[in-house]
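Here the structure comes first, spelled out in structure tokens, and everything after it is commentary.
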Amino acid sequence: MTETSPDTDIRDEGDIAADYLEELLDICDLDGDLEIELSNQRTYVSINSDGSDDLDQLSKPDVVQALQELTRLAVSQRTGEYSRLILDIAGSRSERQRELEKLAEHAIEKISQGAQSAALPPMTSYERKLVHDYVSERGFRSESHGEGADRHTVITPAE
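Per the numbering used here, the sequence shown runs over residues 37 to 195.
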């Protein structure tokens, strides 16, 4: 039996995800170019299209989240391992990151005006990670609170 490195496993995860998503695009009769990127032990799969409206329906946040979960399930079924891949459709992740930064910035403003803390709405673990990174860069602290679907980020001043 040949052992595979974690990088090989991640590459396989990206290939499985790309095959699954290509089939989905074919079923939907949509054109899209897939790109796979490996970063920080995580697979990022992006779907983009030259046609401005080709991916509009798929790039809505709830749809991207649902497709990401379906893709993770498809990968997990084939590999037998939990998948942490991140799906981006037509720049939806970049747009969501900008939204999260605005939310965090608004919370930071409240703290700068005297609030002891500011809680953000519940979000996924990946979104919370993005917020934690942004808040840290701005010189503030953040922690995740709550369980399951109610898990959210609370921002506080740096000590």
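Note that CB positions come from ideal geometry on N, CA and C, so glycine has one too.
query, result
"The stretch 54-72 in contact with the stretch 104-114 per 3-pair CB rule at 8 Å", "yes"
"Neighbour-count burial assignment, Ala69, 16 or more Cβ in a 10 Å radius", "It should be pointed out that residue 69 corresponds to Asp in this sequence rather than to Ala. Classification for Asp69: exposed."
"For Glu71, three-class secondary structure by DSSP", "strand"
"Collapsed DSSP secondary structure at Ala151 in the structure displayed", "coil"
"Per-residue DSSP class, three states only, for Arg177", "strand"
"Neighbourhood of Ile191 by C-beta, 6 Å cutoff - its chain only, sequence neighbours within 5 removed", "Ala143, Ala154, Val171, Phe176 and Ser178"
"Run of the alpha helix (DSSP H) containing Pro97, from where it starts to where it stops", "Pro97 to Thr115"
"The stretch 134-149 contacting the stretch 80-94, beta-carbon criterion three pairs below 8 Å", "no"
"Under 7 Å between C-beta atoms of Ile83 and Ile125", "yes"
"One or two residues paired with Asp62 in a DSSP bridge", "DSSP output for Asp62 lists no bridge partner at all."
"Minimum length 4: unbroken alpha helix (DSSP H) runs contained in the stretch 120-173", "128-148 and 161-173"
"Residue from Asp51, Glu141, Glu173 and Gln104 whose Cα sits closest to the Cα of Glu73", "Asp51"
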